[in-house]
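Input: a single structure, listed below in structure tokens.
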């Protein structure tokens with residue numbers, strides 16, 4: 003139990019796992035080279051993962067300098083619009099025909 007050994011068993015398990023990871027590093031590198039092959043990293047594509055890109059993309063150059071509360075409000079509006087556009091609309095509830103309607107056959 004981890005309480006009786008003050009967590010040393012857990013620490014030992016983590017150290018053992020990291021040692022095994024280090025031993026398998028050569029195999030992991032080889033597998034990565036096989037999977038990735040000659041793929042090249044595009045710097046423009048990497049911009050997509052930078053915070054500055056997201057600030058300007060979502061709120062524009064001026065919007066990146068507004069307060070966090072305003073940005074969060076705008077982001078919530080964007081998410082709502084995207085949700086409304088992407089999620090299927092609920093079908094309208096069926097209406098009951100009125101009793102006064104009696105078609106002639």
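Numbering (the numbering used here), first residue to last: 3 to 107. By construction, the Cβ of each residue, glycine as well, lies at the ideal position given by its N, Cα and C atoms. All values derive from a computational prediction rather than experimental measurement.
In the structure shown, residue 52 adopts coil according to DSSP, grouped into three states.
In this structure residue 65 touches residue 73 by the C-beta definition: roughly 7 Å separates them, less than 8 Å.
A Cβ-Cβ separation of about 11 Å leaves residue 77 out of contact with residue 57 under the 8 Å criterion.
When only Cα atoms are considered, residue 6 and residue 55 end up about 50 Å apart.
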